[in-house]
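K.L.:
So the protein lines, in turn, are chains A and B. Taking numbering that gives the first Met the number 0, the leading residue of the first sequence gets 0, the next gets one more, and so forth. Taking numbering that gives the first Met the number 0, the leading residue of the second sequence gets 0, the next gets one more, and so forth. Using N, Cα and C, we set each Cβ at its ideal position, and we do this for glycine too. In this text, all values refer to a predicted model and were calculated from it rather than measured experimentally. Dropping a structure here in structure tokens format, bear with me for questions.
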Amino acid sequence: MVPVTVVFTRESVPLDDQEKLPFTVVHEREIPLKYKMKIKCRFQKAYRRALDHEEEALSSGIVQGTGREAEAMLAEPQEQAEGSLTVYVISEHSSLLPQDMMSYIGPKRTAVVRGIMHREAFNIIGRRIVQIAQAMSLTEDVLAAALADHLPEDKWSSDKRRPLKSSLGYEITFSLLNPDPRSHDVHWDIEGAVRRYVQPFLNALSVAGNFSVDSQILYYAMLGVNPRFDPASSSYYLDMHSLPHVINPVESRLGSSAASLYPVLNFLLYVPELAHSPLYIQDKDGAPVATNAFHSPRWGGIMIYNVDSKAYNGSELPVRVEVDMVRVMEVFLAQLRLLFGIAQPHVPPKCLLSGPKSEGLMTWELDRLLWARSVENLATATTTLTSLAQLLGKISNIVIKDDVASEVYRAVAAVQKAAEELASGHLASAFVASQEAVTSSERAFFDPSLLHLLYFPDDQKFAIYIPLFLPMAVPILLSLVKIFLETRKSWKKPEKVD
Amino acid sequence: MAATYCLGRASIALAALLLLSFGSFAASQIEVCTSRFWFNYRHVANTLSVYRSVKRLGIPDSHIVLMLADDMACNPRNPKPATVFSHKNMELNVYGDDVEVDYRSYEVTVENFLRVLTGRIPPSTPRSKRLLSDDRSNILIYMTGHGGNGFLKFQDSEEITNIELADAFEQMWQKRRYNELLFIIDTCQGASMYERFYSPNIMALASSQVGEDSLSHQPDPAIGVHLMDRYTFYVLEFLEEINPASQTNMNDLFQVCPKSLCVSTPGHRTDLFQRDPKNVLITDFFGSVRKVEITTETISLQQYSEMESKPKLKDWHPPGGFILGLWALIIMVFFKTYGIKHMKFIF
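Below, the structure is given as structure tokens:
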């Protein structure tokens with residue numbers, strides 16, 4: 000459930016409607032999944048009148064481009080819980096928004112919508128608000144992406160297959176590949192760039208997992224593909240079809256599987272050798288790509304950094320190259336956002352979207368990620384526990400140790416708690432509970448003691464035990480029969496005599 | 000000497016090669032050789048040749064779990080040490096320079112194999128010994144050694160049955176540890192091993208049907224043993240023609256080694272597989288082609304001014320005069336104590 004607070008300013012809706020404030024409206028939607036499962040998506044809208052300082056802020060500020068002025072005034076410390084939204088309804092003729100825009104989505108869980116003076120004001124505004132709320136929190140494709148494993152397979156598309164699976168932590172590795180150290184003496188201030196650009200982004204995402212960052216420089220590391228020469232622009236290019244073959248030869252040298260068990264994201268910066276400079280990536284229409292970078296889902300990204308040809312004039316090799324970290328980090332952070340599934344939401348028409356904050360992540364984008372992750376975690380934990388139960392039902396020889404049993408109980412309790420918290424709209428605790436559910440269920444399922452080697456097929460029972468016990472059993476049975484017959488005879492004899 | 004060596008003899012362990020290519024549509028391989036002892040040289044050679052082809056097609060070692068039950072290259076009976084040949088006259092050394100064996104010798108057991116498949120590994124196991132696949136990985140499992148109707152022999156002392164294998168695959172499916180699975184087995188009566196599979200998305204190939212023996216290819220007089228099995232030999236020849244960009248599909252792999260060449264009848268099973276085999280590329284399993292997308296959007300960052308750069312801390316050294324003075328003090332004390340007459344020995 001997504002709690003939405005709708006704040007009405009003085010002239011946004013007709014007066015008689017304003018009398019009806021405050022009240023609450025609940026909007027529910029059911030999204031069907033496979034196996035007759037459904038997910039209910041509820042938006043609980045609490046309508047209220049604007050407080051004085053909010054009125055002041057909204058009537059005086061002007062949303063300019065990025066809307067920072069209005070945001071600054073509205074950004075009074077309203078301690079907004081994670082997962083909740085606040086929508087401000089302003090009057091139809093207010094100059095807060097540019098003329099043709101109906102709504103605006105800000106970087107910090109707030110949005111502004113134009114009101115309307117109409118009898119059906121609340122209904123119309125309600126619909127607009129639901130549209131915006133959906134864009135900022137949950138839509139069907141977000142849920143479908145999260146549950147991609149559990150949905151029927153005709154729902155594949157590149158957006159849904161891209162994001163990383165939910166995990167407790169991630170390791171991010173930045174690598175600089177210099178195949179030609181004789182010509183280029185490349186320096187990059189990676190520590191500074193990580194500190195300034197990447198670390199704030201990761202701090203914003205820290206709720207979603209533990210992140211660790213490392214970097215390395217690799218010399219004489221070639222791409223596995225030969226670029227082709229384009230005489231028209233006198234540059235070299237790699238076309239789209241050769242890109243998939245680039246990654247594998249390089250990956251073995253990256254050392255990415257060395258240390259941790261967390262999934263690894265690799266970001267490579269390749270400085271092409273002098274013989275192949277400048278090098279561009281061409282998309283399928285043959286035009287060079289603006290960012291000169293590509294990424295692979297669940298693996299990472301590669302960017303090609305061409306040395307400025309002016310650097311060669313007059314100086315002897317090797318040429319010192321200082322990498323422009325801002326440009327590089329812009330691309331890498333954008334790739335990181337895509338890899339995490341923080342894609343552009345479907346904004347309703349005529350809506351102005353503010354640019355991301357300086358950290359590169361808007362607060363409600365993080366909320367979207369957490370909603371999707373919580374749902375995914377719940378689904379994973381549930382299927383793990385179900386398959387564990389099925390396994391135990393089928394192979395009855397397996398012994399469950401106490402700690403496995405306690406993990407299962409913990410997992411079930413965490414699943415229930417997460418579902419409750421999701422239904423009541425407490426996103427932060429729901430996410431934590433869902434992560435705990437996944438960890439416990441995985442630990443229970445993958446416990447090394449659950450190996451089913453005690454499989455006892457029927458023919459093995461016959462083949463092993465019958466030859467062992469049958470020869471032993473024959474004289475025992477025969478002697479038992481003999482005893483029985485003798486006892487019967489001894490019973491009969493006294494009767495006869497008497 | 001055209002006598003071919005039957006694989007049905009009850010002896011020696013099995014070499015298994017588990018190849019995992021995993022990742023986003025990348026493939027994982029598990030290659031298992033379960034045979035031990037010198038005269039099962041051919042099983043190790045089988046496994047290593049599949050390993051070699053797979054590496055040549057681009058799969059890195061981190062995605063391959065190679066289990067060899069015995070060491071043929073450094074075996075004391077090997078007349079050409081540090082080599083394992085796959086062809087008569089020593090044309091192709093499949094041992095190469097960068098073979099990474101993950102499970103070796105007595106570590107190749109049914110229990111370890113099942114642990115690798117199902118993921119129930121003790122937490123201290125290193126990454127190279129794990130099958131790190133996810134729901135988008137295509138896995139190739141290649142097994143070779145001695146087998147019978149419904150079982151495969153491990154290390155001459157234990158067996159894995161087709162039911163255990165089917166159950167292990169089902170557990171992998173439950174946990175979504177694979178997207179598609181290709182199972183290749185080269186033993187006697189190999190088709191019995193895939194009869195019991197019931198999980199979706201599995202395709203299986205075997206070198207012989209139930210009741211038939213898989214035969215070995217050719218002995219080498221210099222090394223003294225049979226070098227390869229027929230089925231894997233022809234599969235290797237087929238794979239040598241494949242490069243990472245090739246478009247050959249699975250139907251061609253099914254035609255490899257007809258009865259005239261192999262003497263046994265290779266079999267395959269595709270009913271559990273969702274796609275049509277003629278649409279499945281060989282490189283989906285044997286090679287590794289990742290899905291890539293062009294990055295079209297960037298975010299805008301502000302350039303930070305350089306005011307906040309911290310000065311770098313250099314190591315602190317004591318000032319030069321201090322060290323000189325210290326030594327002067329030490330020498331003075333020395334001469335004071337022992338007398339000035341020692342000075343001529345020093346200066």
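Using a threshold of 8 Å, is the CB atom of serine 48 (chain B) nearer than that to any non-hydrogen atom of the ligand PLP?
P.N.:
No copy of the ligand PLP occurs in the structure displayed, which carries no ligand at all.
K.L.:
Taking DSSP's pairing of strands, which residues face threonine 186 (chain B) in a bridge?
P.N.:
DSSP output for threonine 186 (chain B) lists no bridge partner at all.
K.L.:
So glycine 319 (chain B) contacts chain A; which residues on that side make the cut at Cβ distance below 8 Å?
P.N.:
Going along chain A, no residue has its Cβ under 8 Å from glycine 319 (chain B), so there is no contact; the nearest lies around 32 Å.
K.L.:
Select from the region 274-293 of chain B all residues with a C-beta closer than 8 Å to any C-beta belonging to chain A, and list them in chain order.
P.N.:
So the close ones are Ser287, Val288, Arg289, Lys290, Val291, Glu292 and Ile293.
K.L.:
Would you check if there are 3 or more beta carbon pairs closer than 8 Å linking the region 298-310 of chain A to the region 194-212 of chain A?
P.N.:
They do not touch, by the three-pair rule.
K.L.:
If you draw a straight line from the C-alpha of isoleucine 58 (chain B) to the C-alpha of asparagine 122 (chain A), how long is it?
P.N.:
Cα to Cα, the separation comes out at about 58 Å.
K.L.:
Enumerate in chain order the residues of its own chain whose CB-to-CB distance from lysine 128 (chain B) is below 6 Å, with the five nearest sequence positions on each side excluded.
P.N.:
These residues qualify, in order along the chain: Asp101.
K.L.:
What residue range does the beta strand (DSSP E) around leucine 176 (chain A) cover?
P.N.:
Residues 168-177.
K.L.:
Are the C-beta atoms of tryptophan 490 (chain A) and some chain B residue less than 9 Å apart?
P.N.:
Cβ-Cβ to chain B under 9 Å: no for tryptophan 490 (chain A).
K.L.:
Can you check whether the CB of serine 234 (chain A) is closer than 9 Å to the CB of leucine 278 (chain A)?
P.N.:
Result yes, Cβ atoms of leucine 278 (chain A) and serine 234 (chain A) sit closer than 9 Å.
K.L.:
State the beta-bridge partners of arginine 365 (chain B) as determined by DSSP.
P.N.:
This structure leaves residue 365 (chain B) out entirely; chain B is present only between 0 and 346.
K.L.:
At 3 residues or longer, and completely inside the region 255-327 of chain A: list those beta strand (DSSP E) runs for me, N to C.
P.N.:
As far as the region 255-327 of chain A is concerned, its whole beta strand (DSSP E) runs of at least 3 residues are 263-269, 278-280, 292-295, 299-303 and 318-321.
K.L.:
Can you confirm whether the region 54-68 of chain B touches the region 76-88 of chain B when touching is taken to mean that 3 or more C-beta pairs between the two stretches lie within less than 8 Å?
P.N.:
Counting Cβ pairs under 8 Å, fewer than three are found: no touch.
K.L.:
Pick out whichever of B:Ala244, B:Thr231 and B:Trp326 has its Cα sitting closest to the Cα of cysteine 32 (chain B).
P.N.:
Comparing Cα-Cα distances from cysteine 32 (chain B) to each of B:Ala244, B:Thr231 and B:Trp326, the minimum goes to B:Thr231.
K.L.:
Can you pull the chain B neighbours of leucine 242 (chain A), defined as C-beta to C-beta under 7 Å?
P.N.:
Here the neighbours are Val291.
K.L.:
Using a 10 Å radius around the Cβ and a threshold of 16 neighbouring Cβ atoms, would you call leucine 139 (chain B) buried or exposed?
P.N.:
Buried, since its Cβ has 16 or more Cβ neighbours within 10 Å.
K.L.:
I need the straight-line Cα distance from valine 403 (chain A) to leucine 242 (chain A), nearest angstrom please.
P.N.:
Their backbone Cα atoms lie some 45 Å apart in a straight line.
K.L.:
Give me the chain A residues within the contact set of threonine 295 (chain B), using Cβ-Cβ distance strictly less than 8 Å, ordered along the chain.
P.N.:
Val288, Ala289 and Thr290, listed in chain order.
K.L.:
Identify whether histidine 267 (chain B) lies in helix, strand or coil by the three-state DSSP scheme.
P.N.:
Strand at histidine 267 (chain B).
K.L.:
How should isoleucine 329 (chain B) be labelled, buried or exposed, when 16 other C-beta atoms within 10 angstroms of its C-beta is the threshold for buried?
P.N.:
Classification for isoleucine 329 (chain B): exposed.
K.L.:
Establish whether the CB of serine 308 (chain B) and some CB of chain A are separated by less than 9 Å.
P.N.:
Residue confidence for serine 308 (chain B) is low, a pLDDT of 47 falling below 50, so the modelled location carries little weight; the figure read from the coordinates is stated next. True, the Cβ-Cβ gap to chain A drops below 9 Å.
K.L.:
Where in the region 364-431 of chain A do unbroken runs of the alpha helix (DSSP H), each at least 4 residues long, occur, reported from the N-terminal end onward?
P.N.:
Within the region 364-431 of chain A, the complete alpha helix (DSSP H) runs of at least 4 residues are 401-423.
K.L.:
When the Cα atoms are used, what is the spatial distance from valine 62 (chain A) to isoleucine 128 (chain A)?
P.N.:
Summary for valine 62 (chain A): the model assigns pLDDT 49, below 50, so the residue's position carries little reliability, and this model does not support an answer.
K.L.:
For arginine 176 (chain B), which residues in the same chain have their Cβ closer than 6 Å to its Cβ, ignoring the five residues on either side in sequence?
P.N.:
For arginine 176 (chain B), where only same-chain residues beyond five positions count, the Cβ hits under 6 Å are Ser132.
K.L.:
What span of residues does the beta strand (DSSP E) with tyrosine 236 (chain A) cover, start to end?
P.N.:
Start and end: 234-237.
K.L.:
So serine 439 (chain A) and alanine 413 (chain A) are in contact, right, with Cβ under 8 Å, and what is the actual spacing, rounded?
P.N.:
So it is a contact: roughly 6 Å between Cβ atoms.
K.L.:
Where DSSP assigns a beta bridge to arginine 41 (chain A), which residues make up the other side?
P.N.:
Answer is A:Glu27, bridged to arginine 41 (chain A).
K.L.:
Quick check: the Cα distance between isoleucine 124 (chain A) and glutamine 43 (chain A), rounded to an integer number of angstroms?
P.N.:
If you take the alpha carbons of isoleucine 124 (chain A) and glutamine 43 (chain A), they lie about 14 Å apart.
K.L.:
Considering only the beta carbon of each residue, do proline 257 (chain B) and proline 265 (chain B) sit closer than 9 Å?
P.N.:
Yes. Within cutoff.
K.L.:
Identify which residue in A:Asp179, A:Asn376, A:Gln215 and A:Pro178 has its Cα closest to the Cα of valine 193 (chain A).
P.N.:
The residue with the shortest Cα to Cα distance from valine 193 (chain A) is A:Gln215.
K.L.:
Glutamine 215 (chain A) versus chain B: which residues are under 7 Å apart at the beta carbon?
P.N.:
None at all; the shortest Cβ gap to chain B is about 16 Å.
K.L.:
May I have a chain-ordered list of the beta strand (DSSP E) segments no shorter than 3 residues that lie completely inside the region 175-227 of chain A?
P.N.:
You should have 183-186 and 209-218.
K.L.:
The region 322-337 of chain A: which residues have C-beta closer than 9 Å to a C-beta of chain B, in chain order?
P.N.:
From the region 322-337 of chain A, only Val325, Arg326, Met328, Glu329, Val330, Leu332, Ala333, Gln334, Arg336 and Leu337 have a Cβ closer than 9 Å to chain B.
K.L.:
Determine the extent of the beta strand (DSSP E) in which isoleucine 140 (chain B) is found, giving its start and end residues.
P.N.:
Run containing isoleucine 140 (chain B): 137-143, per the beta strand (DSSP E) assignment.
K.L.:
Give the interface partners of isoleucine 120 (chain B) over in chain A, defined as CB-CB distance under 9 Å, in chain order.
P.N.:
Within 9 Å Cβ-Cβ: Phe445 and Pro447.
K.L.:
Cβ of threonine 172 (chain A) within 9 Å of Cβ of glycine 340 (chain A)?
P.N.:
The answer is no: Cβ separation not under 9 Å.
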